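Below is one structure, written out as structure tokens; the observations come after it.
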Amino acid sequence: MKQSTIIWTLLMVFGGLGLISVQLSKGKGEVYVREVPVEAKSSMEDSPEQIYRWSTYKQVSAKEKENPGVSFSFSRTLGLWVSALCTLAIFSFLYGDNPVYKFTEAVFVGVSAAYAMVVSFWTEIVTNLYAKLMPGLARITFFPDMDKKVEADLLYLIPLVLSVLLLWRLAPKGNWIARWPLAFFIGATAGIRLVSYLETDFIGQLQSTVMPFIVFSADGTLLWIKSLRNTVVVVGVLSCMVYFFFSVEHEGIIKYISRLGIWFLMVTFGASFAYTVMGRIALLSARLDFLFKDWLGI
Amino acid sequence: MLKILQNLDRRWIFLLMFVAVAVPLIMGTTFPETPSAQVTAVFDAVDNLPDGSNIFMALDYDPASAGELQPMASAFTRHCALKKHNIYFMTLWPPGINMIQGSIDILNEEYPETYKGKYGTKYVNLGFRAGNEGVIKLVVEDLKKSYTTDIHGTNLDNIPLTKNLKNIQQVDLLANVSAGYPGSQEWVLYGSSPFDIPTVVGCTGVQAPIMLPYIPDQLTGMLAAIKGAAEYEQAIINHYPELAKNPKAKEGLVRMGPQLVAHVLLISLIALGNVIYFLERRQGTT
């Protein structure tokens, strides 16, 4: 084994053990909650129960643990520890690919997909399809607040049929049927996007680029910063467009303009990279902030 | 020395970056921020509205990007709360529901006199709706075609805030916080630009260069990455000094300390990398 690998292994193992021992010895990493009673009136006049009471739990700092009404929350403490250990497991990829990282990554992907599916089921299939097609049944089951005058909207049979056709892909025979709803979705999406892109990204951007090179204020003073900015924008747009214009050979004056375009593009890529770096550091600092404050209590 | 640098294990750089971010974070190092023109435009868009105006807030992000975007969403919420605006929350991202709950908690815990127990009259949560830009097109033209109920299943016709709201062209400002697709660009493409809805956005650093060309004609202002969030927090504190006592209102400002040190480290490493490259070239090893 290489010397650097040994050093890193020791650093990771002892670092991790150190963090956990600090946690256990100092009694940090515990979550305390205060019970908050909630009371709500029933929205249904004929309901046998007119007042509903339940409790929610608000997280409080560990300093308040002796206060009345404050209690230790096992589930939230467990959540905190799982969250902290998952963060460390993902960070372990910096040392190198390993089974702990792969396991955590798989858990993350699975949980995210399952969460999105459950939310979509309750907000789309139940709220937007079932309640529209069968309002009477929806009122009895999930939506007691639904207006009794609401009637079934049979137009929603179309998305229902399209969805069933889309799932036909899984059938052993006739999976070509799934192409019809797919063709509808692609056509509709392309149509929606085409109009918006033409309006906002093409016409709108052309309008925004038509600007005066020399700008004067109301009293006739030359606004040289604004003038310079406008000039840079127009020259930048034109030179970048010339760089991507391949119908003529990039010789003579065209060569110099396209080179200028490359410079503008390089500055743009540099700005994009810098913004990305800033974003990634922000994410790292947020995770470390969580580990230091919420978990370690530093 | 050159040989050591040429064969330096990349993990030493990870360790350096960890120290560069961790030390200022633990020490709580912050630096003064001066709001830029873009951030001032966002601040003015919210602040110049009369108290109690209607703000449509679309929080299109998930926990993975919360580190960068949560300070913006919280700052938007606090600023709207200080102005006692009515807020309509929605999201195009399934995990966005939890992000909206974070903002609602701010309203209830920090501004109870205006918002606690005022669900439906001061704020409403429309929740998540699948369909990406299709949803934006619907809410811009006919809100109730897309949303018949709020997140709790209450009919929008029974909620005072949404009872007479036909579409979001009627709101005074559209504020979007976005981590990608669907997000800021889609709100501009299908909402603010074609229908001239005053719009401000807060977005990740990756999205910022894509959104810049829309300012100022198609987009009123933008908070770009954590720097934008910190400047916006500073702008709010400058106008509402009472917020300076709330450490939660300085989340973005606190994150700028690690940014500075990490950027200095990164610039030094890029310079060092170039020095090594030129030394190698002089020695003829590349």
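Protein chains in written order, with numbering that gives the first Met the number 0: chain A, 0 to 297; chain B, 0 to 285.
Glycine included, each C-beta is placed from N, C-alpha and C at the ideal position.
All values reported here derive from a predicted model rather than from experimental measurement.
By a beta-carbon distance limit of 8 angstroms, residue 94 of chain A contacts residue 7 of chain A. Their separation comes to about 6 angstroms.
For residue 23 of chain B, the enclosing alpha helix (DSSP H) covers residues 9-26. For the region 61-75 of chain A, the set of residues with a beta-carbon nearer than 9 angstroms to any beta-carbon of chain B is empty. Counting along the chain, the unbroken alpha helix (DSSP H) around residue 67 of chain B starts and ends at 65-81. By the C-beta density criterion, residue 14 of chain A is exposed, having fewer than 16 other C-beta atoms within 10 angstroms.
When C-alpha distances from residue 196 of chain A are compared across B/193, B/93 and B/251, the shortest belongs to B/193. About 4 angstroms separates the CB atoms of residue 181 of chain B and residue 131 of chain B; that is less than 8 angstroms, so the two are in contact.
Annotation: residue 201 of chain A has no Cβ neighbours in chain B at a cutoff of 9 angstroms; minimum Cβ distance is about 11 angstroms. Counting the other Cβ atoms within 10 Å of the Cβ of residue 183 of chain B gives 16 or more, which makes it buried. Leaving aside the five residues that flank residue 210 of chain B on each side, the residues in its chain whose CB is nearer than 8 angstroms to its CB run, in chain order, 183, 184, 187, 200, 202, 218, 221 and 223. Rounded to the nearest angstrom, the Cβ distance from residue 8 of chain B to residue 206 of chain A is 53 angstroms, too far for a contact under 8 angstroms. Nearest Cα to residue 118 of chain A within the set B/115, B/127 and B/117: B/127. Between residue 62 of chain A and residue 50 of chain A the beta-carbon gap is near 35 angstroms, outside 8 angstroms, which marks them as no contact. Inclusion of residue 101 of chain B and residue 72 of chain B in the CB contact set at 9 angstroms is warranted, their separation being smaller than that value. Around the beta carbon of residue 288 of chain A, a 10 Å sphere encloses 16 or more other beta carbons of the protein chains shown; the residue is thus reported as buried. Along the region 267-291 of chain A, going in chain order, the ones with a CB nearer than 7 angstroms to a CB of chain B are 267, 270, 271, 274, 275, 276, 277, 278, 280, 281, 282, 283, 284, 285, 286, 287, 288 and 291.
For residue 288 of chain A, the enclosing alpha helix (DSSP H) starts and ends at 252-288.
Taking 4 residues as the shortest admissible run, the region 140-195 of chain A contains the following complete alpha helix (DSSP H) segments, listed from N- to C-terminal end: 156-166 and 178-195. Taking C-alpha positions only, residue 57 of chain A is separated from residue 34 of chain A by approximately 7 angstroms. Note that the C-beta distance between residue 160 of chain B and residue 121 of chain B is below 9 angstroms.
Contact fails between the region 236-246 of chain B and the region 263-272 of chain B, because fewer than three Cβ pairs, one in each stretch, are under 8 angstroms apart.
The beta carbon of residue 257 of chain B sits closer than 6 angstroms to those of 20, 23 and 24, all from its chain and outside the five residues before and after it, given in chain order.
Separation of the CB atoms of residue 234 of chain B and residue 18 of chain B is rounded to 31 angstroms, and the pair is thereby denied contact status at 8 angstroms.
If you check each beta-carbon in the region 120-140 of chain A against every beta-carbon of chain B, the ones closer than 8 angstroms belong to 122, 123, 126, 127, 130 and 131. Taking the Cβ atoms as the reference, residue 176 of chain B lies roughly 7 angstroms from residue 75 of chain B, within the contact range of under 8 angstroms. Check the Cα spacing between residue 149 of chain A and each of A/160, A/143, A/135 and A/140: the tightest is with A/135.
At a Cβ-Cβ threshold of 9 angstroms, residue 244 of chain A and residue 252 of chain A do not count as neighbours. DSSP lists A/32 as the beta-bridge partner residues of residue 58 of chain A. For residue 38 of chain A, the three-state secondary structure derived from DSSP is strand. Between residue 83 of chain B and residue 113 of chain B, the gap from beta carbon to beta carbon is short of 9 angstroms. Shown here, residue 114 of chain B sits in a helix according to DSSP, grouped into three states. Restricting attention to alpha helix (DSSP H) runs no shorter than 4 residues, the region 82-109 of chain B encloses them at 95-109, ordered along the chain. Cβ atoms of residue 198 of chain B and residue 190 of chain B come within 8 angstroms of each other, at about 7 angstroms. In the DSSP assignment, the residues bridged to residue 53 of chain A are A/37. Secondary structure note for residue 59 of chain B: its beta strand (DSSP E) is the uninterrupted segment 53-59. By the rule that beta-carbons nearer than 9 angstroms mark a contact, residue 198 of chain A touches chain B.
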